[in-house]
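When you line the sequence shown up against this note's numbering, it's residues 5 to 65, in that order.
We treat Cβ as the ideally placed atom computed from N, Cα and C, and that holds for glycine.
Treat the numbers as computed from the prediction; the structure is a model and nothing was measured.
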Amino acid sequence: MLPSLFISHGSPMLALTPTPAHHFLRELGQTLRPKAVVVVSAHWETPHLQVSSSVKPVTIH
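In structure tokens form, the structure reads like this:
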């Protein structure tokens, strides 16, 4: 089994405000080299279960 990490999206300000959490996530982004990423979102609604994959996914806002 691969090592796993759960990160909640939190506040959008997390990306901009220099807090301890901000610094932790920036450092984490420099050190991790994931073999796979799984994203689960309650913000994307479909009438049926959907699973998709992409080498370069388009960001959906």
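Counting along the chain, the unbroken alpha helix (DSSP H) around residue 31 starts and ends at 24-35. The three-state reading of DSSP puts residue 40 in coil, since its state is none of H, G, I, E or B. Distance between residue 16 and residue 26, taken at the CA atoms: about 11 angstroms. Distance from the CA atom of residue 38 to the CA atom of residue 47, rounded to whole angstroms, is 24 angstroms.
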